[in-house]
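First residue of the sequence shown? That's 64 in our numbering, and the numbers climb one at a time after it.
In this text, a Cβ means the ideal position worked out from N, Cα and C, and glycines have one as well.
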Amino acid sequence: MEEETRTRVNENGRVVIPASFRKALGIKVGDEVVLRIEDDELRITTQQRRIRQAQRRARRYLKPGTSLVGELLTERRQAAKNE
């Protein structure tokens, strides 16, 4: 895949993301994208990709086999019993 390309901004401020870039990022028609300015650059990603990145970061701090959902449910059940 190309890692760089040039395109123009049209009169409505729109930019076309080339098909090869959309395919590489898993962007499909109708997907919502997230735009962010970082280090004076425009970064485009999807919400799904951001969620996966956050999950990968969180896994670094969890012991293997730990379920945060399970822990949350246990805490909620205990809190409900104490009410």
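Which of the three DSSP states is assigned to Leu125 in this structure? coil
Determine whether the beta carbon atoms of Phe99 and Arg106 lie at a separation below 8 Å. The question names Phe, but residue 99 in the sequence shown is Arg. Yes, the pair counts as a contact, with Cβ atoms nearer than the cut-off.
Mind checking who Glu104 pairs with in its DSSP beta bridge? Glu101
Does the beta-carbon distance from Val79 to Thr68 come in below 8 Å? no
CB Thr108 to CB Val97, shorter than 8 Å? yes
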